[in-house]
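Data first, discussion second: the structure below is written as C-alpha coordinates.
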Amino acid sequence: ELETLVNLNINSDSGQPSIDNNYFPNTVMSSYWATNSSAISNEQAWAIHFGIGTALILDRNDEVFVRLVSGGD
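Residues in the sequence shown are numbered from 899 upward in steps of one, following my numbering.
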(Lines of atoms letter the chains of each structure in order from A and count residues from 1; the text may use other names and numbers.)
(Lines give C-alpha, C1' and ligand atoms only; values in the text may rest on other atoms or scores of the structure.)
Protein backbone atom coordinates (compact mmCIF):
# COMPACT_ATOMS: atom_id res chain seq x y z
CA GLU A 1 0.00 0.00 0.00
CA LEU A 2 2.77 2.46 0.82
CA GLU A 3 4.17 2.43 -2.71
CA THR A 4 0.83 3.69 -4.08
CA LEU A 5 1.39 6.97 -2.17
CA VAL A 6 4.47 7.91 -4.23
CA ASN A 7 3.84 10.91 -6.49
CA LEU A 8 6.17 10.49 -9.46
CA ASN A 9 5.20 13.94 -10.80
CA ILE A 10 7.33 15.59 -8.11
CA ASN A 11 10.95 16.06 -9.19
CA SER A 12 13.39 14.85 -6.53
CA ASP A 13 15.52 17.95 -7.22
CA SER A 14 12.64 20.20 -6.09
CA GLY A 15 13.43 19.67 -2.40
CA GLN A 16 9.92 18.30 -1.85
CA PRO A 17 9.14 14.67 -0.91
CA SER A 18 7.53 12.56 -3.63
CA ILE A 19 4.16 12.45 -1.84
CA ASP A 20 1.18 14.82 -1.69
CA ASN A 21 2.01 17.14 1.22
CA ASN A 22 -1.63 18.26 1.39
CA TYR A 23 -2.56 14.80 2.68
CA PHE A 24 0.77 13.82 4.25
CA PRO A 25 2.34 16.97 5.70
CA ASN A 26 5.78 16.86 7.30
CA THR A 27 6.92 13.83 5.30
CA VAL A 28 10.69 13.55 5.47
CA MET A 29 12.61 12.96 2.22
CA SER A 30 13.89 9.63 3.46
CA SER A 31 13.03 5.92 3.62
CA TYR A 32 9.92 4.46 5.26
CA TRP A 33 9.37 0.76 5.95
CA ALA A 34 6.96 -0.83 3.46
CA THR A 35 6.85 -4.44 4.69
CA ASN A 36 8.42 -6.70 7.28
CA SER A 37 10.64 -8.81 5.01
CA SER A 38 11.89 -9.23 1.47
CA ALA A 39 11.87 -12.29 -0.72
CA ILE A 40 15.66 -12.12 -0.86
CA SER A 41 16.44 -12.46 2.86
CA ASN A 42 14.72 -12.49 6.24
CA GLU A 43 17.37 -10.00 7.36
CA GLN A 44 16.21 -7.39 4.84
CA ALA A 45 12.92 -5.58 4.20
CA TRP A 46 11.31 -3.37 1.57
CA ALA A 47 11.21 0.38 2.07
CA ILE A 48 9.95 3.36 0.06
CA HIS A 49 12.21 6.39 -0.27
CA PHE A 50 10.06 9.53 -0.51
CA GLY A 51 13.05 11.64 -1.55
CA ILE A 52 13.58 9.78 -4.82
CA GLY A 53 10.18 8.05 -5.09
CA THR A 54 11.36 4.47 -5.37
CA ALA A 55 11.26 1.15 -3.56
CA LEU A 56 14.46 -0.35 -2.17
CA ILE A 57 15.61 -3.17 0.08
CA LEU A 58 17.29 -2.28 3.37
CA ASP A 59 18.81 -4.19 6.26
CA ARG A 60 16.13 -4.76 8.91
CA ASN A 61 18.45 -3.23 11.53
CA ASP A 62 18.54 0.12 9.69
CA GLU A 63 16.79 3.02 11.41
CA VAL A 64 14.00 4.01 9.03
CA PHE A 65 10.78 6.02 9.39
CA VAL A 66 7.38 4.32 9.55
CA ARG A 67 4.03 5.36 8.13
CA LEU A 68 0.88 3.47 9.01
CA VAL A 69 -1.31 2.36 6.11
CA SER A 70 -4.48 0.33 5.81
CA GLY A 71 -5.40 -2.21 3.17
CA GLY A 72 -8.96 -0.86 2.88
CA ASP A 73 -12.39 -1.20 4.45
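Don't be surprised by glycine CBs; every beta carbon is placed ideally from N, CA and C.
- Excluding residues up to 5 positions away in sequence, V904, L906 and S916 lie with their Cβ nearer than 6 Å to the Cβ of G951 in the same chain.
- A distance below 6 Å between beta-carbons, with the five flanking residues on each side excluded, links D918 to the following residues of its chain, in chain order: N905.
- Annotated three-state conformation of L956 is strand, per DSSP.
- Across the structure, S928 and I955 are spaced so that their CA atoms are roughly 13 Å apart.
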